[in-house]
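Asks: Handing you a structure now.
There are 2 protein chains.
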Amino acid sequence: MNIRELALRSGVSTATVSRALNDRAEVSEATRDRIRRLASELGYAPNEPARTLVRRRSDTIGLVWDTGYETLGFQHPFLQGLLSAVRNALSEADYHLMLLTTSGPGDADTTYLQAVRRHNLEGVVVLGTPADNRALRALAASDVPCSGIDVALSGPRTVRVTSDNAAGAAAAVEHLYAQGHRRIATVTGPLYLPPAAERLAGFRQACARLGLDVPPEYVVTGDFFLNSGQDAVRTLLATEQPPTAVFAAGDQMAIGALHAAADAGLSVPGDLAIVGFDDIDAASLVRPALTTVAQDQRALGSAAVKALRGLLDADPAEPAEPWIVPTRLVVRASSRPGA
Amino acid sequence: MNIRELALRSGVSTATVSRALNDRAEVSEATRDRIRRLASELGYAPNEPARTLVRRRSDTIGLVWDTGYETLGFQHPFLQGLLSAVRNALSEADYHLMLLTTSGPGDADTTYLQAVRRHNLEGVVVLGTPADNRALRALAASDVPCSGIDVALSGPRTVRVTSDNAAGAAAAVEHLYAQGHRRIATVTGPLYLPPAAERLAGFRQACARLGLDVPPEYVVTGDFFLNSGQDAVRTLLATEQPPTAVFAAGDQMAIGALHAAADAGLSVPGDLAIVGFDDIDAASLVRPALTTVAQDQRALGSAAVKALRGLLDADPAEPAEPWIVPTRLVVRASSRPGA
DNA sequence: CTGAAAGCGCTTACAG
DNA sequence: CTGAAAGCGCTTACAG
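For the protein sequence lines, the chains are A and B, in the order given. Taking our numbering, the leading residue of the first sequence gets 460, the next gets one more, and so forth. Taking our numbering, the leading residue of the second sequence gets 460, the next gets one more, and so forth.
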């Protein structure tokens, strides 16, 4: 069933069918309704490749989801929910979604860009990928609109979407302060990563605002993985004036902190309160359940899509402002004295 | 840059360019090499929609990833890794991947099927979706080849890919037996789900083989979520002859079991050994770290792709055999006495 | 081994 | 408001 058959059956030309189906103003209401009814009766579905060919646009967005082959390094703890959110936001905006890959470990040079050209993709959303790969750099440097969630893409038509890391960290500190804590330490992520740096900045600002002293030994650098959190808290507990609360800039590190506290015979939150960041699945599974700064995956996904659409309409000359998405503090047992 | 320009620059016809780029036998080696070199110099990328239009095939596979809008119910604990695996396997086989959605909560009738027709998709991989939705049923019932990972699709050209649940459960029992346990209980998933039923069957078979008695109260039905595991173990510990080991058919339930043991003042694995299934992230984050039957996500992904390709070539009349992927027991502290 | 031509299924000026 | 015609960028019999 193609448009010609449908035209024959409706007794009009293919041009009229096309106009009816695409809701063009020129077609009379009666004809339009008749054709549409017939189309859905016959189960007619327009051939998208043909439409793309002639319209020179595909209504399709590409998705870069990780660095291809075997990079385990830094992975978003919640890529899954993020992907759903992006998918939903995109389909609400009537876009299709194509998953992009670099074909293999080696030749990953302009593969993303090639895919974009080949399929007439209108833009790309980049999720939780280390930005240091050639294919991605080439893509960002091109004129293809790219929206990166927690990825700082550098290029003429790129935009970054991120949680409000600073405000989230500050909320964690304020919460601990409200519980009576005055000696609050932090375990950071690798500071060359923007989210890690921003969370630390938010931590410092909040402490300053509240008049809390942050001795240098209260800031320990981790790597977002469990062991680094455990080591960091071990170190913190060995200081002369150990903290009574720790803000870990990622949930895995916070869980490591939980383990270190247990190893030291400390009760959480009684002897040491702990707050994480992200709200990964494990945060609500461990014991005590982890208080954490939750990222709003759905909002991130829809912001990424909105940001991308902004890019599509915008003047390419003007750099796009980053989109900052609010976080939400989820208080659980690891910081709640009453628990 | 399109094929006409490239043809002009190479001094041959578009037909010859097409043949060279598609590696047809009729073209002379010299011409082919010259054209290919020029193409990559000029950064020529063929227009896929145009190719799809004329070839009537898109080299693209669709992916159904969940039931669209807001179904939280049963979610694969590791959809993320699975998706990467499918993506990699597909791109190795030179297929592109399109993410499919039902447009919204209501009108999800033939949306998947429509998308397949519109985009000329050659098949669909279905991941961790409750199969009880109309769009998916319509898709499975059609002549579109569908490969479901842990989803039993019913239709003429469908195939199921799944972990070897029975063998995995049996391996868990054998491991516990080898540690000296003779009173082993299980917490199952909802038994209308094939994986849950198969894990229980494997558990029973292994017990029978080893001559272990399984009193009825040693089989408790859960729902794959944490609380049900916790409740189940509470119940088990209240029996006259409490088990010394528990096999939980999912990691979340196993973590719940850990909590129940802790609540009862029991040490794990000393007083109660616990083994889970899946190897979700949290399994290695909790304490004691969880012994579990790991599903091989990469193998599942590539099996899904192979199964789908098998379907593409196969005689539609013959029902496809399910693909069964081996699991791997990951021994951690929750069952290792020495730990 | 190569080229001229037809055609894949649509959309969109252009003319009426 | 509608139709005839051109054309989007490719591939593939067909002829040579």
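Every residue gets a Cβ at the ideal spot worked out from N, C-alpha and C, and that includes glycine. Source: prediction; values computed, not measured.
When the Cα atoms are used, what is the spatial distance from residue 715 of chain B to residue 732 of chain B?
Replies: Each residue's alpha carbon lies about 13 Å from the other.
Asks: Which residue comes first and which comes last in the beta strand (DSSP E) that contains residue 754 of chain B?
Replies: Run containing residue 754 of chain B: 750–754, per the beta strand (DSSP E) assignment.
Asks: Quick one, which residues of the region 654–666 of chain A are near chain B if we go by CB-CB under 9 Å, in chain order?
Replies: Answer set for the region 654–666 of chain A: empty.
Asks: Would you check if the distance between the CB atom of residue 750 of chain A and the CB atom of residue 696 of chain A is smaller than 9 Å?
Replies: Contact: no.
Asks: How is residue 520 of chain A classed by DSSP in three states: helix, strand or coil?
Replies: It is a strand residue.
Asks: Give a yes or no on whether 9 Å exceeds the smallest Cβ distance from residue 506 of chain A to chain B.
Replies: By this cut-off, residue 506 of chain A is an interface position.
Asks: Quick check on residue 684 of chain A: does DSSP put it in helix, strand or coil?
Replies: Looking at residue 684 of chain A - three-state DSSP - the assignment turns out to be coil, as it is neither helix nor strand.
Asks: Classify residue 564 of chain A: buried if its beta carbon has 16 or more other beta carbons within 10 angstroms, exposed otherwise.
Replies: Low per-residue confidence applies at residue 564 of chain A: pLDDT is 47, beneath 50, and the placement is therefore not dependable, though the value from the model is reported in the following sentence. Label assigned to residue 564 of chain A: exposed.
Asks: With 16 as the cutoff for other CB atoms within 10 Å, does residue 707 of chain A come out buried or exposed?
Replies: Residue 707 of chain A should be labelled buried.
Asks: How is residue 784 of chain A classed by DSSP in three states: helix, strand or coil?
Replies: DSSP places residue 784 of chain A in strand when its eight states are reduced to three.
Asks: Identify every residue that forms a DSSP beta bridge with residue 606 of chain A.
Replies: Looking at the DSSP assignment, residue 606 of chain A forms a beta bridge with A:584 and A:618.
Asks: Is the region 732–741 of chain B in contact with the region 616–634 of chain B, if contact means three or more CB pairs nearer than 8 Å?
Replies: They touch, by the three-pair rule.
Asks: Just to confirm the assignment, what range does the beta strand (DSSP E) spanning residue 410 of chain A have?
Replies: This structure leaves residue 410 of chain A out entirely; chain A is present only between 460 and 798.
Asks: Strictly below 9 Å CB to CB, what residues from chain A border residue 557 of chain B?
Replies: Chain A residues near residue 557 of chain B: 519, 555, 556, 557 and 558.
Asks: Name the residues in the region 714–725 of chain B whose C-beta lies less than 9 Å from a C-beta of chain A; which are they?
Replies: Answer set for the region 714–725 of chain B: 714, 715, 717, 718 and 721.
Asks: Give, in chain order, every residue of the region 578–602 of chain A whose Cβ lies closer than 7 Å to some Cβ of chain B.
Replies: So the close ones are 578 and 579.
Asks: Is residue 609 of chain A closer than 9 Å to residue 553 of chain A when the C-beta atoms are compared?
Replies: No. Outside cutoff.
Asks: Using a Cβ-Cβ cutoff of less than 7 Å, which residues in the same chain neighbour residue 718 of chain A once the five nearest sequence positions on both sides are dropped?
Replies: Cβ neighbours of residue 718 of chain A beyond the five flanking positions: 689.
Asks: What are the boundary residues of the alpha helix (DSSP H) that includes residue 575 of chain A?
Replies: Element bounds for residue 575 of chain A: 570–578.
Asks: Put residue 555 of chain A into one of helix, strand or coil per three-state DSSP.
Replies: Reduced to three states, the DSSP call for residue 555 of chain A is strand.
Asks: Measure the alpha-carbon distance for residue 624 of chain A versus residue 474 of chain B and round it to whole angstroms.
Replies: Distance between the alpha carbons of residue 624 of chain A and residue 474 of chain B: 55 Å.
Asks: Shorter than 8 Å, the distance from the beta carbon of residue 732 of chain A to the closest heavy atom of the ligand MG, or not?
Replies: Among the ligands in the structure shown, none appear at all, so the ligand MG cannot be discussed.
Asks: Would a C-beta distance cut-off of 9 Å place residue 790 of chain B and residue 754 of chain B closer than the cut-off?
Replies: No, Cβ-Cβ distance for residue 790 of chain B and residue 754 of chain B is not below 9 Å.
Asks: What in chain A is Cβ-close to residue 740 of chain B, meaning under 9 Å?
Replies: Result: 536, 711, 739, 740 and 741.
Asks: From which residue to which residue does the alpha helix (DSSP H) around residue 713 of chain B run?
Replies: Here the alpha helix (DSSP H) through residue 713 of chain B covers 710–722.
Asks: At what residues does the beta strand (DSSP E) containing residue 647 of chain A begin and finish?
Replies: Unbroken beta strand (DSSP E) run through residue 647 of chain A: 643–647.
Asks: Tell me the rounded alpha-carbon separation between residue 712 of chain A and residue 796 of chain A.
Replies: Looking at the two C-alpha atoms, the distance is approximately 21 Å.
Asks: Would the region 473–493 of chain B count as touching the region 645–656 of chain A if we require 3 or more Cβ pairs under 8 Å?
Replies: The answer is no - the region 645–656 of chain A does not touch the region 473–493 of chain B, with fewer than three Cβ pairs under 8 Å.
Asks: Quick one: what's got a C-beta closer than 7 Å to residue 546 of chain B's C-beta in the same chain, skipping five residues either side?
Replies: Excluding sequence neighbours, residue 546 of chain B sits near 556.
Asks: Measure from the C-beta of residue 496 of chain A to each C-beta in chain B and report whether the shortest distance is under 9 Å.
Replies: No, its Cβ sits nowhere closer than 9 Å to a Cβ of chain B.
Asks: Taking Cβ positions only, does residue 574 of chain B come closer than 9 Å to chain A?
Replies: Judged by the 9 Å Cβ criterion, residue 574 of chain B is in contact with chain A.
Asks: Would you list the residues sitting across from residue 789 of chain B in a DSSP beta bridge?
Replies: Paired residue(s): B:751.
Asks: By a C-beta neighbour count over all protein chains shown, 10 Å radius and 16 as the cutoff for buried, is residue 592 of chain A buried or exposed?
Replies: Residue 592 of chain A is buried by the Cβ-count criterion.
Asks: Between the region 760–774 of chain A and the region 612–624 of chain A, can you find at least three pairs of beta-carbon atoms closer than 8 Å?
Replies: Yes: the two stretches touch, three or more of their Cβ pairs being nearer than 8 Å.
Asks: Note down the Cα distance separating residue 613 of chain B from residue 599 of chain B, rounded to an integer number of angstroms.
Replies: In a straight line, the C-alpha of residue 613 of chain B is about 6 Å away from that of residue 599 of chain B.
Asks: Could you check where the beta strand (DSSP E) with residue 504 of chain B kicks off and where it finishes?
Replies: Where residue 504 of chain B is concerned, there is no enclosing beta strand (DSSP E), given that its DSSP letter is neither H nor E.
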